[in-house]
Structure formats: C-alpha cells, structure tokens
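2 protein chains.
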Amino acid sequence: MKTFFDCIPCFVRQTLEVARMVTDDESVQERILRESLRLASEMDLSQPPPVMGQEIHRFVRRISGNSDPYRDVKRRFNHFALTLYPELKRRVEQSPDPFMTAVRLAIAGNVIDFGVSADVEPEEVNRSIAESLTQAIDEAAIDSLKEAINDATDILYLGDNAGEIVFDRLLIEQMPHNKVTFVVKGSPIINDATLEDACETGITELVSVIDNGSDAPGTILESCSEAFRRRFEKADIVIAKGQGNYETLSDMDKDIFFLLKAKCPVIARDIGCEVGSLIVLKKRRR
Amino acid sequence: MKTFFDCIPCFVRQTLEVARMVTDDESVQERILRESLRLASEMDLSQPPPVMGQEIHRFVRRISGNSDPYRDVKRRFNHFALTLYPELKRRVEQSPDPFMTAVRLAIAGNVIDFGVSADVEPEEVNRSIAESLTQAIDEAAIDSLKEAINDATDILYLGDNAGEIVFDRLLIEQMPHNKVTFVVKGSPIINDATLEDACETGITELVSVIDNGSDAPGTILESCSEAFRRRFEKADIVIAKGQGNYETLSDMDKDIFFLLKAKCPVIARDIGCEVGSLIVLKKRRR
Chain C
1 MKTFFDCIPC FVRQTLEVAR MVTDDESVQE RILRESLRLA SEMDLSQPPP VMGQEIHRFV
61 RRISGNSDPY RDVKRRFNHF ALTLYPELKR RVEQSPDPFM TAVRLAIAGN VIDFGVSADV
121 EPEEVNRSIA ESLTQAIDEA AIDSLKEAIN DATDILYLGD NAGEIVFDRL LIEQMPHNKV
181 TFVVKGSPII NDATLEDACE TGITELVSVI DNGSDAPGTI LESCSEAFRR RFEKADIVIA
241 KGQGNYETLS DMDKDIFFLL KAKCPVIARD IGCEVGSLIV LKKRRR
Chain W
1001 MKTFFDCIPC FVRQTLEVAR MVTDDESVQE RILRESLRLA SEMDLSQPPP VMGQEIHRFV
1061 RRISGNSDPY RDVKRRFNHF ALTLYPELKR RVEQSPDPFM TAVRLAIAGN VIDFGVSADV
1121 EPEEVNRSIA ESLTQAIDEA AIDSLKEAIN DATDILYLGD NAGEIVFDRL LIEQMPHNKV
1181 TFVVKGSPII NDATLEDACE TGITELVSVI DNGSDAPGTI LESCSEAFRR RFEKADIVIA
1241 KGQGNYETLS DMDKDIFFLL KAKCPVIARD IGCEVGSLIV LKKRRR
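Chains as they are written, first to last, in my numbering: chain C, 1 to 286; chain W, 1001 to 1286.
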C-alpha cells in the first residue's frame, strides 16, 4: 500500500506524541518535530507508510539517545497479556469452534499498537477482547485459513506488537506447532515485538522464533536480513499480523493471510471496511 | 500568543483540507502539502500561528492560481447570515438586555471559521446561535466592555470572517455608530472578511469601514499598512474578534477586548477555558 496524503498529518501528530514520550526537554522535542517535517516534505509517497515510520523512529532513537523508548511499554503489555492468558485459553478451549475463537482473539490483541496512538490502556484491550467475540468477521476466510494451514508444511507467522503476541500464541496453539515459525523484528521499533518479547511471553518454548533483521514497523523486505528473505520466499503460506504488515505486504505476489484490526481510516478505505473491523484477508498469489 | 507544538499537526491537516478544496489535481495537492511541511520545518515558533497561516495560504494561492479560493464560501455565508439577520435583530431588540444578547450572538457567529475546519455547515451556525443564548459568559466583562464603549470616542472593531460580520453588525448596532470604525483584511485570506464582504452585508452603510492592508489571518501589525497602524495606535479601545486576532494581539500593550469562541484546544489552554466557551476577555494596557 502506498502512503496516502492523509497519512502525513497523522505522521506529524504521532511524531509529536513520541517526542513527548521520549523526553521532557522541549528543545529535543522541537528538533524531533522539525526533522520529521523535513523528512515528510521529501518523502517518497509510492512507498508504504512504515518506510517513513522507520526513518522517523531511527531519528527519534538517535536524538533522544534512547535505543528502545518503548521497552517499558512492551514489558507492561507482555505482562498484562500474560495475566489474561489463562482465562483466554479457557475460552478458546471451551468454545464450539476453538480455531475461530482464537483468530478473533488474535485480532483483538492487535489493538495494542503504539504506532496508531501513544496511549493504549489495558481497558481498551479488555473492550477489544469482549467486542471481538461477537463482532462480524469473514468466517469463510477463516475456514480458508484453516485449510491452508492444514495443507501447508511451512507456515511463517509475522508477529506485530509486544503484548499482542500472547494473543498470537493462543492462535498458534490451535495450529500444528512444528509447521510454524514465528517472526519478530530485528531491533526495537515502536512497540513491535522483538526476540526479548518472544522470550518473555513464552512463544519461544512453543515454536521456533526468528527475527527479520529489520527495524521497520512492518515487513519491508529490502530492509530485512538475507536469511529472513530466503525464509519468506520458501514459506508455503504467510500469516501477517497487524496494520504495518498489511501496509508493507498487501501488494506482494505471495499467498498471505492478513489478520488485523483496521484502526485507521486510510487502511479501512484501502481494504473497503469500517474503522474498527476485524479483518481476515487472503491476498492471492497473482 | 506563540505557536505551540500542537499547532503543527493542525497546520498540516488544515493545509491538506485547503489543498483539496482549491484543486482536484493530486500533483498540485502534493506540492502544497510538501511546501507546507518544508515551511513548518523551518518556522519561527515564537511567532503567533497566523504568521505560518499567512505563508501557507500565500503559497496555496500562488500555486493554485486562485487568488481568492474562499470567495464562494464567503458569499454563501454572507447570504446565509443575512437571511438570519431579521430574526436575530428582533431577538436582540426584544431581549431584556439587548447589548448582552448582541455580544452573545456576535460570538456565536465566530463559529464560521474555515481556518479551524474546512467544512462549516449552516446547521452548525444555527446550533452555535441557540447555545450562545444560554451558555455561560463573563457578564462582568460585558459590563466593562459596555462602559469602555460609553467612555471611548474612537472604537476600532477588528472583524474576523465573512458571514460572521453580519453578527458583528448586530452588536455594532447597539453602540454609538459614529464612534466605531470596522476593520477588514486588506486582501483575501481564508474566509476572513474583506471590503467586498463589508459591502455585501451592509456594514459599510452603518459605520466607516477600513482595511488593514494585510493578508494575515489575524492582525500582524508589521504586515498591516502604515495607515492602519496609525489608526490602531490612536484608538481608545479595540474590539478584536476571533481566534486569529487573539493569537496575534493577546500580548499587545493596548486596551483590547477579545470576543471569540474558543474553538481549538491550544487557545482554550492559553485562555484557561474549555473548548467551545464564549470568551469576552479584556487585556489591560500593561
């Protein structure tokens, strides 16, 4: 997906939120804001939005001297999600269709996205969980995901955010684990999950976990490691979680199932859904 | 008032709205957006927000080749306000305190501000009128405005937007007309009233009207004509209408009564009120 004009004011607003989060020093906030405006004035709009996000956050980390500004946020949501895990696991197992329920919950967890808003609260996660269990969803697409998983021998599951990956774990537990490789980011970017989060939440004990070698808030293949790119090419199917992965992979010539909560109007328009929808979307190999 | 960080994302959003209003050509919209980002990246934040607004809108007019993009909007709201005028005039005259009611209505009209949002609708104006008649307001400040008007011999009334000036007319009709000079902008800027609007709405038949020689969405004295600056200096009291005049004159060493509806969170915070409040604010000569 390309970057739309409406993404630009949103970048600027997000950058200001981030600047205030990483420092109380107004002169540093101002430098971050000015540099993001300069970057935005020159950006290549044919690229997906995470290209800009990657640049801005590299700059934020460099100028603030903080290599992982969201470390505390990530830890807090990993722990919060782990406290929910036993009850959610029970719900999945007692549900008439555990796979369907696990998909719904995995998407509910996608609300833990500090790229969209700098103040996600646990109450919002609880609300998202409650809504997800009854909200409309494309059940045929879930059936076709289930079939594709059964037919595949090599499944790549591209994770999104810390905390959210506990919800992904519920879904992965409904798959044949030995077929699944879970992917995290190569280094800190917003609150996206890295290897540290995969360890903290026990995913590493369930399936094999690799990192993609990149610090983009999505999957920009050119920014990923050669090893990851080979792994991506080889996979039978890819399950791509969250907006960032949709934005960067939606035009890709590959069998990808996108699972996300459509949280922004630009993505909702691109998909053709309402903001807040639960999305299970198969993009076919062209 | 200086420009706050929160003004910047708002500038960018407003610019995108304006770009879409002045042209359907996406390449022109993109040029406008990129140039505004570049300007914003270099702006002097110690200046009030209208300095940036002036620069952006100059650029919009130049690149779109449209010297008055809001001409239709201004005409539409002049006519709309004139259809309301007889009923509003009746309300003022039948009110127990006509001056107070006229002040409330003058402020209600300040909702016709295309600098804040690119889609003001007549319904919003009707709602603003209805609310203004019962909303909390600083009655002591209104009394002190009334006194100051009685004591003054030379009153300068700085108008704000087209359409809104019909509401100002209701208030000016409650003053000794011969003391009042009404001020409009020197040339088109957003939907701010110019001489054309003063003629269209009959203000020119009521009081003497001058223009300030400037295309800023507020009163930036350095940007005004020498003649206006002398007139401003000479006035006993100044009545300054709207956010733009507050932003540019709130730190001025002069007896100014600001009348406005606080429509944005930054101004509401600067004044110390809620968004949506009716403001009658006397800034004393220091």
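For every residue, glycine included, the Cβ atom is placed at its ideal position computed from N, Cα and C.
Could you name the residues of chain W that residue 228 of chain C contacts, counting a contact when the two beta carbons are closer than 8 Å?
Correct list: empty, because the minimum Cβ distance to chain W is about 33 Å.
Would residue 1166 of chain W count as contacting chain C if we go by Cβ distances under 8 Å?
Chain C, which has no Cβ nearer than 8 Å to the Cβ of residue 1166 of chain W, makes this no.
Is the CB-CB distance between residue 1254 of chain W and residue 1212 of chain W below 8 Å?
For residue 1254 of chain W and residue 1212 of chain W, no; Cβs fall outside 8 Å.
From the DSSP output, read off the bridge partner residues of residue 2 of chain C.
Per DSSP, none; premise fails for residue 2 of chain C.
I'd like to know if residue 1018 of chain W contacts chain C, where contact means its C-beta is closer than 8 Å to some C-beta of that chain.
It does not: the Cβ of residue 1018 of chain W has no partner Cβ on chain C nearer than 8 Å.
Who does residue 1161 of chain W pair with in a DSSP beta bridge?
Answer by DSSP bridge pairing, in chain order: W:1192.
Near residue 1128 of chain W, which residues of its chain fall below 6 Å by C-beta distance, leaving aside the five closest residues on each side in sequence?
For residue 1128 of chain W, where only same-chain residues beyond five positions count, the Cβ hits under 6 Å are 1108, 1111.
Give a yes or no on whether 8 Å exceeds the smallest Cβ distance from residue 41 of chain C to chain W.
Closer than 8 Å: yes.
Given a threshold of 16 other Cβ atoms within 10 Å of its Cβ, counted over all protein chains shown, does residue 275 of chain C qualify as buried or as exposed?
Exposed, because fewer than 16 other Cβ atoms sit within 10 Å of the Cβ of residue 275 of chain C.
Cβ closer than 9 Å: which chain C residues qualify as neighbours of residue 1029 of chain W?
In chain order: 5.
What do you reckon, are the CB atoms on residue 273 of chain C and residue 243 of chain C nearer than 8 Å?
No, these two residues do not count as a Cβ contact at 8 Å.
Taking Cβ to Cβ, would you say residue 52 of chain C is nearer than 8 Å to residue 251 of chain C?
Their beta carbons are not under 8 Å apart, which means residue 52 of chain C does not touch residue 251 of chain C by this criterion.
Apart from the five residues on each side of it in sequence, which residues of its chain come closer than 7 Å, Cβ to Cβ, to residue 1203 of chain W?
The answer, listed in chain order, is 1165, 1169, 1182, 1209.
Taking 8 Å as the cut-off, does the stretch 44-63 of chain C touch the stretch 1057-1065 of chain W (at least 3 CB pairs, one atom from each stretch)?
Segments in contact, no.
On a CA-only basis, which of C:249, C:5, C:132 is nearest residue 232 of chain C? Give me that one, please.
If we check each option's Cα against that of residue 232 of chain C, C:249 comes out closest.
Any Cβ of chain C within less than 8 Å of the Cβ of residue 1271 of chain W?
No, no contact with chain C.
Since residue 13 of chain C meets chain W, which of its residues come closer than 7 Å, beta carbon to beta carbon?
1009, listed in chain order.
Give the secondary structure of residue 232 of chain C by DSSP, where H, G and I count as helix, E and B as strand, and everything else as coil.
Helix.
I'd like to know if residue 34 of chain C contacts chain W, where contact means its C-beta is closer than 8 Å to some C-beta of that chain.
Yes, contact with chain W.
Who are the near neighbours of residue 1113 of chain W in its chain, counting only those whose CB is closer than 6 Å to its CB and skipping five residues on each side?
So the qualifying residues of the chain are 1161.
Can you check DSSP and say which residues form a bridge with residue 210 of chain C?
Answer is C:183, bridged to residue 210 of chain C.
Give the range of the alpha helix (DSSP H) segment to which residue 89 of chain C is assigned.
Run containing residue 89 of chain C: 71-94, per the alpha helix (DSSP H) assignment.
Can you check whether the C-beta of residue 38 of chain C is within less than 8 Å of a C-beta belonging to chain W?
With 8 Å as the cut-off, residue 38 of chain C counts as an interface residue toward chain W.
Along the chain, where does the beta strand (DSSP E) that runs through residue 1238 of chain W open and close?
Run containing residue 1238 of chain W: 1237-1241, per the beta strand (DSSP E) assignment.
Roughly how many angstroms separate the alpha carbons of residue 41 of chain C and residue 1267 of chain W, rounded to a whole number?
C-alpha separation (whole angstroms): 27 Å.
Measure from the alpha carbon of residue 1003 of chain W to the alpha carbon of each residue in W:1282, W:1246, W:1260, W:1277, then state which is nearest.
When only C-alpha atoms are compared, the closest one is W:1246.
Write down the C-beta distance between residue 1012 of chain W and residue 1066 of chain W rounded to the nearest angstrom, noting that I regard them as a contact closer than 8 Å.
The pair is not a contact, with the Cβ atoms about 21 Å apart (cut-off 8 Å).
Using DSSP's beta-bridge definition, name the partner residues of residue 105 of chain C.
Looking at the DSSP assignment, residue 105 of chain C forms no beta bridge with any residue, so it has no partner.
Taking residue 1280 of chain W and residue 1189 of chain W to be in contact with their CB atoms under 8 Å, please state how far apart those CB atoms are, rounded to whole angstroms.
That belief does not hold up - the Cβ atoms of residue 1280 of chain W and residue 1189 of chain W are roughly 25 Å apart, past 8 Å.
Short of 8 Å in beta carbon distance, which residues of its chain neighbour residue 215 of chain C, apart from the five on each side in sequence? Order them along the chain.
Result list for residue 215 of chain C: 54, 57, 58, 185, 186, 187, 188, 189, 223, in chain order.
Please name the residue, chosen from C:156, C:262, C:278, C:198, that lies closest to residue 234 of chain C on a Cα-to-Cα basis.
Among C:156, C:262, C:278, C:198, the Cα nearest to that of residue 234 of chain C is on C:156.
Cutting at 7 Å between CB atoms, please list the residues of its own chain near residue 1118 of chain W, excluding the five before and the five after it.
Contacts found: 1017, 1018, 1021.
In the structure shown, what three-state DSSP assignment does residue 146 of chain C receive?
Here residue 146 of chain C sits in helix by DSSP.
Find the nearest neighbour of residue 29 of chain C within the set W:1270, W:1027, W:1008, W:1025, judged by alpha-carbon distance.
The shortest C-alpha separation from residue 29 of chain C is found at W:1008.
Per DSSP, what kind of secondary structure is residue 39 of chain C in: helix, strand or coil?
Residue state, collapsed to three classes: helix.
Quick check on the DSSP output: the beta strand (DSSP E) that includes residue 280 of chain C runs from which residue to which?
Here the beta strand (DSSP E) through residue 280 of chain C covers 278-283.
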